[in-house]
């Protein structure tokens, strides 16, 4: 059945060792990471800072940045898509536009206990 299927142009599964499968998966992951880093480097005009959420206002969050400045930040697209919950006390990474430093986008919620 294998030769007949191959003659008809059907896909015949190849037997590949586990080592080769791991190598293929590693290359694919490396390619995805390079693509992500390339997309992120295109947005060079943003300012990225860490901070702590201290208040919630109707879908937005009050974040106190490391330098003591308070900003209003909304969760980014991936956080909303993956339903990541953000609560007061969470450590987050915020992207700020250089044009309006009072508003930002939360791009990452750090795991672990909040910094004291």
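Residue numbers (this note's numbering): 122 to 237. Positions of the beta carbon are idealized from the N, C-alpha and C atoms, including for glycine. Just so we're clear, the structure is a prediction, and the values are computed from it rather than from any experiment.
Helix, strand or coil at residue i [DSSP, three-state]
i: residue 158; result: helix
i: residue 181; result: strand
i: residue 187; result: coil
i: residue 194; result: strand
i: residue 232; result: coil
Euclidean distance between Cα positions of residue i and residue j
i: residue 222; j: residue 187; result: 14 Å
i: residue 227; j: residue 144; result: 34 Å
i: residue 190; j: residue 197; result: 20 Å
i: residue 212; j: residue 192; result: 14 Å
i: residue 199; j: residue 219; result: 22 Å
i: residue 194; j: residue 181; result: 6 Å
i: residue 156; j: residue 149; result: 11 Å
i: residue 140; j: residue 159; result: 29 Å
i: residue 233; j: residue 147; result: 28 Å
i: residue 151; j: residue 177; result: 37 Å
i: residue 201; j: residue 153; result: 21 Å
Inter-residue CB distance, residue i and residue j (contact presumed, cutoff 8 Å)
i: residue 225; j: residue 216; result: 6 Å
i: residue 174; j: residue 167; result: Incorrect: roughly 19 Å between the Cβ atoms, too far for contact.
Residue closest to residue i, alpha-carbon to alpha-carbon, out of the options
i: residue 179; options: 207, 156, 170; result: 207
i: residue 214; options: 151, 156, 147, 171; result: 171
i: residue 229; options: 169, 136, 177; result: 169
Bridge-paired residues (DSSP) for residue i
i: residue 174; result: 184
i: residue 212; result: 173
Cutoff 8 Å: residue i Cβ touching any chain D Cβ
i: residue 198; result: As a matter of chain content, chain D is missing from the structure shown, which is built from one protein chain.
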